[in-house]
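Asker: Below are the structure tokens for one structure; questions will follow.
Protein chains in written order, with full-length UniProt numbering: chain G, 1 to 235; chain L, 1 to 291.
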């Protein structure tokens, strides 16, 4: 772990620069420890780094020392983060699976194999970023590795589920993007009207479930009439 | 109650405070006034808390009819503010009478002016801030981007004595003095030639610059493509170098993470001054070390 200055009111904690679950667990453990620190103004956990904003009432030196102490305690503790699995329904059919043919060509998998492989794995939310509520999920099974689209789309619709390298993710809102879109979820992953506006947070565990287009439409109706309950849906 | 009727919205008039701190872990940008020092001074002049909402007015200002008396103050850029056609002073508490019309003319100095109004604004906040949110604006901060014929209601506060902030206490809006920056996390990934170009050359603020970031037109001299950084945090003031070698300076509405190498970070006070550079202006950077 290395702490560097990041402007005059933030610092950056860099762990080994690698996308790796164990390293990300260290980031998230430190992130959780610092949430209650009264001089910390904001935190940005990422794959293998943590950005820490701090107030004028502390200094880089003081805070770095505290972070080093916290981190040495974390090292000796079990790094398992408690997280329940969040199941997300996805329809992998037309018109939602815009790039499933391209992914099929690039990976050599049939459409059904893509769906089965995408649904079999439990993913970890490594970080949020890019746009509000966008969760970077990993890692995809190697056989689903697929590069981003050569030309990014000007607009990808909210709910779209995409692949990029060994990452998968859900667009929380309409946004430009180059991820390969293989399906769409009818459930909102970003709801600004609630106190916790994002469905997913760093450290959560996620599993996708394949649904038909009629199920998609049914859930979409329930969502728009505010009668959809994710927990009830899965019992 | 005082009411502001926007007869004209201006080029880009938004409601801002000091921003949305503490939700960056959800991927939500900080937002807030581009020139925070001027926003705070405006509030101070009308007796509001430093983090109260203000109107951020960009280059071409709105035309506002006041219904009911109130107190206002304008700080930041000089955009030729007038009340009923008469020039009014900046950085000073001003009493407004019922029916007065505030308008703006030619931008003279700077890019963004801040209008504070004494009292409590009847607007919606989201995640602890009144600032115009870049995401789902209609749901989160519906009144924050001013449109024609919008009405803004203010529950008037206690009248304040008239105060003027003297010339020497006003923030500098100079676009000539170089912008002071600290070395960024990937500073050492750049060659001596690239660093020399970054600190020696003038960069033009691109036309597609906005509150998210300033794109600079010129690439670093002798730029060679760098290894991508694994997505990591970025903050307002972070200067990234894109794959084409062109710097981007992230501003108040910046996204929370990025993958380009971070060559430098603009100092917080200098970021306020940078808010007054407009497309076509040129900027130079000066390296300062951490105390």
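The C-beta atom is built at its ideal place from N, Cα and C for all residues, glycine as well.
Note that the coordinates shown come from a computational prediction; the quantities given were computed from them, not determined experimentally.
I need the straight-line Cα distance from residue 77 (chain L) to residue 159 (chain G), nearest angstrom please.
Answerer: Taking the straight line joining both Cα atoms gives about 42 angstroms.
Asker: Is it buried or exposed for residue 108 (chain L), if we count other Cβ within 10 angstroms and need 16 for buried?
Answerer: Per the 10 Å Cβ criterion, exposed.
Asker: Do three or more CB pairs link the segment 243-262 of chain L to the segment 154-170 of chain L at distances below 8 angstroms?
Answerer: Because the criterion of three Cβ pairs below 8 angstroms is not met, the segment 243-262 of chain L and the segment 154-170 of chain L do not touch.
Asker: From the beta carbon of residue 252 (chain G), is the nearest beta carbon of chain L less than 8 angstroms away?
Answerer: The question about residue 252 (chain G) has no answer here: the residues shown for chain G are numbered 1 through 235.
Asker: Of the residues G:196, G:9, G:188, G:211, which one's Cα is nearest the Cα of residue 223 (chain G)?
Answerer: The residue with the shortest Cα to Cα distance from residue 223 (chain G) is G:188.
Asker: Just curious, the beta strand (DSSP E) that residue 265 (chain L) is in, first and last residue?
Answerer: Counting along the chain, the beta strand (DSSP E) containing residue 265 (chain L) begins and ends at 262-266.
Asker: Can you say whether residue 133 (chain L) is buried or exposed, counting buried as having 16 or more other CB atoms within 10 angstroms of its CB?
Answerer: Under this definition residue 133 (chain L) is a buried residue.
Asker: So is residue 25 (chain L) in contact with chain G if we call contact Cβ pairs under 8 angstroms?
Answerer: Output row for residue 25 (chain L): interface = yes.
Asker: Cα-Cα, which of L:15, L:71, L:197 is closest to residue 159 (chain L)?
Answerer: Checking every option, the nearest Cα to that of residue 159 (chain L) belongs to L:71.
Asker: Quick one: Cα of residue 187 (chain L) to Cα of residue 117 (chain L), how far?
Answerer: Roughly 43 angstroms separates the two Cα atoms.
Asker: Report the rounded CA-to-CA distance for residue 134 (chain G) versus residue 178 (chain G), giving the unit in angstroms.
Answerer: Going from the Cα of residue 134 (chain G) to the Cα of residue 178 (chain G) covers about 14 angstroms.
Asker: Indicate whether residue 164 (chain G) and residue 184 (chain G) have their beta-carbon atoms separated by less than 8 angstroms.
Answerer: Result no, Cβ atoms of residue 164 (chain G) and residue 184 (chain G) do not sit closer than 8 angstroms.
Asker: May I ask you to verify whether the segment 272-288 of chain L touches the segment 196-214 of chain L, counting CB pairs closer than 8 angstroms and requiring at least 3?
Answerer: The segment 272-288 of chain L vs the segment 196-214 of chain L: in contact.
Asker: With a threshold of 7 angstroms on Cβ separation, who are the neighbours of residue 235 (chain G) within its own chain once the five nearest residues in sequence on each side are excluded?
Answerer: Note that residue 235 (chain G) scores 43 on pLDDT, short of 50, meaning its location in the model is unreliable; the coordinates nonetheless yield the value given after this. Taken in chain order, the list of residues that qualify is empty.
Asker: Using a threshold of 8 angstroms, state whether the C-beta atoms of residue 89 (chain G) and residue 209 (chain G) are closer than that.
Answerer: For residue 89 (chain G) and residue 209 (chain G), yes; Cβs fall inside 8 angstroms.
Asker: I'd like to know if residue 150 (chain L) contacts chain G, where contact means its C-beta is closer than 8 angstroms to some C-beta of that chain.
Answerer: No - not a single Cβ of chain G is within 8 angstroms of the one on residue 150 (chain L).
Asker: What first and last residue would you give for the beta strand (DSSP E) that runs through residue 138 (chain L)?
Answerer: Counting along the chain, residue 138 (chain L) falls outside any beta strand (DSSP E), though it belongs to the alpha helix (DSSP H) covering 137-140.
Asker: With DSSP collapsed to three states, give me the class of residue 291 (chain L).
Answerer: Here residue 291 (chain L) sits in coil by DSSP.
Asker: Is there at least one Cβ from chain A nearer than 8 angstroms to residue 12 (chain G)'s Cβ?
Answerer: Here the protein chains are G and L, and chain A is not one of them.
Asker: Note down, in chain order, every chain G residue with its Cβ under 8 angstroms from the Cβ of residue 118 (chain L).
Answerer: Simply none; closest approach about 27 angstroms.
Asker: Can you find at least 3 beta carbon pairs, one from the segment 137-156 of chain L and one from the segment 224-240 of chain L, that sit closer than 8 angstroms?
Answerer: Flag = no, the segment 137-156 of chain L and the segment 224-240 of chain L do not touch.
Asker: Mapping the DSSP letters down to three states, classify residue 235 (chain G) as helix, strand or coil.
Answerer: Confidence is the limiting factor: at residue 235 (chain G) the pLDDT is only 43, short of 50, which leaves the residue's position unreliable and the question unanswerable from this model.
Asker: Three-state secondary structure (DSSP) at residue 116 (chain G)?
Answerer: Three-state DSSP puts residue 116 (chain G) in a helix.
Asker: Restricting to Cα atoms, I'd like to know which of G:73, G:107, G:112, G:105 is closest to residue 92 (chain G).
Answerer: Cα-wise, what sits closest to residue 92 (chain G) is G:112.
Asker: Starting from the beta carbon of residue 126 (chain L), find every residue of chain G whose beta carbon is closer than 9 angstroms, and list them in chain order.
Answerer: By Cβ distance, chain G contributes 192, 197.
Asker: Which of the three DSSP states, helix, strand or coil, is assigned to residue 185 (chain G)?
Answerer: In the structure shown, residue 185 (chain G) sits in coil (DSSP, three-state: anything other than H, G, I, E or B).
Asker: Give a yes or no on whether the minimum CB-CB distance between residue 48 (chain G) and chain L is below 8 angstroms.
Answerer: Cβ-Cβ to chain L under 8 angstroms: yes for residue 48 (chain G).
Asker: Count Cβ pairs between the segment 16-35 of chain L and the segment 50-64 of chain L that sit closer than 8 angstroms; are there 3 or more?
Answerer: Yes, the segment 16-35 of chain L touches the segment 50-64 of chain L.
Asker: Based on the DSSP output, what are the partners of residue 247 (chain L) in its beta bridges?
Answerer: Its beta-bridge partners are L:241.
Asker: If the cut is a Cβ gap below 8 angstroms, which residues of chain G does residue 31 (chain L) touch?
Answerer: Here the premise fails: no neighbours, minimum Cβ distance about 11 angstroms.
Asker: Who are the Cβ neighbours of residue 184 (chain L) in its own chain at under 7 angstroms, not counting the five residues just before and after it?
Answerer: The answer, listed in chain order, is 238, 239, 262, 263, 264, 265.
Asker: Can you tell me whether residue 251 (chain L) is buried or exposed, with buried defined as 16 or more other CB within 10 angstroms of its CB?
Answerer: Buried, because 16 or more other Cβ atoms sit within 10 Å of the Cβ of residue 251 (chain L).
Asker: With a threshold of 8 angstroms between beta-carbons, can residue 237 (chain L) be considered close to chain G, or not?
Answerer: Chain G, which has a Cβ nearer than 8 angstroms to the Cβ of residue 237 (chain L), makes this yes.
Asker: Can you grab the Cα-Cα spacing for the pair residue 115 (chain L) / residue 84 (chain L), in whole Å?
Answerer: In a straight line, the C-alpha of residue 115 (chain L) is about 17 angstroms away from that of residue 84 (chain L).
Asker: Who are the Cβ neighbours of residue 119 (chain G) in its own chain at under 6 angstroms, not counting the five residues just before and after it?
Answerer: Here the set comprises 208, 210.
Asker: I need the DSSP call for residue 275 (chain L), collapsed to helix, strand or coil.
Answerer: Residue 275 (chain L) falls in the coil class under three-state DSSP.
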